[in-house]
Amino acid sequence: MQYKTPGFFKTLFHIMDKGLDKGEIGEWRTEYALKNALPNNIYTLRNLYIPYRDITTEIDLVMLHETGIYVFESKNYSGWIFGNEKQQYWTQCLKGGKKFKFYNPIYQNRTHINALMGLLRLAPNQRPKSYIVFSDRCTLKSVPPSTEDTVICNRYNVINSIEQQIKFAPEKFNRQTLMVINTYLQQF
3 MQYKTPGFFK
13 TLFHIMDKGL
23 DKGEIGEWRT
33 EYALKNALPN
43 NIYTLRNLYI
53 PYRDITTEID
63 LVMLHETGIY
73 VFESKNYSGW
83 IFGNEKQQYW
93 TQCLKGGKKF
103 KFYNPIYQNR
113 THINALMGLL
123 RLAPNQRPKS
133 YIVFSDRCTL
143 KSVPPSTEDT
153 VICNRYNVIN
163 SIEQQIKFAP
173 EKFNRQTLMV
183 INTYLQQF
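Those letters in the sequence shown? Residues 3 to 190, per this note's numbering, in order.
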């Protein structure tokens with residue numbers, strides 16, 4: 003994995019000492035990969051609590067770039083993962099036959115994106131791109147690699163996917179607008 007530099011391990015051990023749970027470590031690893039593999043012209047924000055309708059929704063990770071806003075749902079799972087775009091619940095299968103259901107992360111991230119769209123008053127052509135990022139310890143079985151509006155991948159593929167997206171996407175935001183959005187979202 004290209005993001006496992008000596009600094010990566012030093013920083014990972016440091017955050018593990020702070021008692022972060024498995025999910026938070028997965029979010030941090032994705033953020034670390036983005037910050038260290040992509041150009042310096044990105045902003046990342048982690049664990050945003052965005053008001054939406056009568057609830058607050060938690061967004062794992064947001065990346066701001068001239069080509070758009072990218073919203074990441076991190077799943078630091080192991081085992082085999084089964085699910086599709088239409089199922090309300092997906093299944094994690096572990097060794098020994100244990101199975102666990104979890105809410106469809108595509109639906110989950112759509113809620114996050116809708117909350118951001120409302121909060122930031124984004125135009126339809128500025129709709130954030132959805133990424134569902136699973137750990138490298140799991141195998142995606144009968145899970146689509148992407149849908150019309152969502153990329154689904156393991157962490158080791160996320161950088162290549164984002165680089166392709168950035169390479170071919172038109173600019174949606176200038177640097178000044180990104181700085182304003184970044185500053186505004188920091189309160190959440």
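For each residue, glycine too, the CB sits at the ideal point set by N, CA and C. All figures in this text were calculated on a predicted structure; none of them were measured in a lab.
Taking the CB atoms as reference points, tell me whether Asp56 and Phe74 lie closer together than 7 Å.
-> Position 54 of the sequence shown, counting from 1, holds the residue named residue 56. Position 72 of the sequence shown, counting from 1, holds the residue named residue 74. No, they are not a contact pair.
Quick one: does the C-beta of Thr179 sit closer than 6 Å to a heavy atom of the ligand ATP?
-> Ligands are entirely absent from the displayed structure, and the ligand ATP is therefore not among its contents.
Should Gly81 and Cys140 be called a contact, given that it needs their Cβ atoms to be closer than 7 Å?
-> Translated into positions along the sequence shown, residue 81 becomes position 79. Translated into positions along the sequence shown, residue 140 becomes position 138. Closer than 7 Å, so yes.
Buried versus exposed, by CB contacts within 10 Å (16 or more), Phe102 = For this step, residue 102 is matched to residue 100 along the sequence shown. Exposed, by the Cβ-count rule.
Mind checking Gly98: buried by the 16 CB within 10 Å criterion, or exposed?
-> Walking along the sequence shown from the start, residue 98 turns up at place 96. Gly98 is exposed by the Cβ-count criterion.
Given Thr46, which residues of its chain have a CB within under 8 Å of its CB, disregarding the five upstream and five downstream residues?
-> Here the question's residue 46 lines up with position 44 in the sequence shown. Glu33, Leu36, Lys37, Leu63, Val64, Met65, Leu66, listed in sequence order.
Per-residue burial, Thr152 [other beta carbons within 10 Å of its own, 16 or more giving buried] = By 1-based counting over the sequence shown, the position of residue 152 is 150. Classification for Thr152: buried.
Close beta carbons around Arg112, own chain, < 6 Å, minus the five adjacent residues each side | Looking up residue 112 in the sequence shown gives position 110. Excluding residues within five positions, none has a Cβ falling inside 6 Å.
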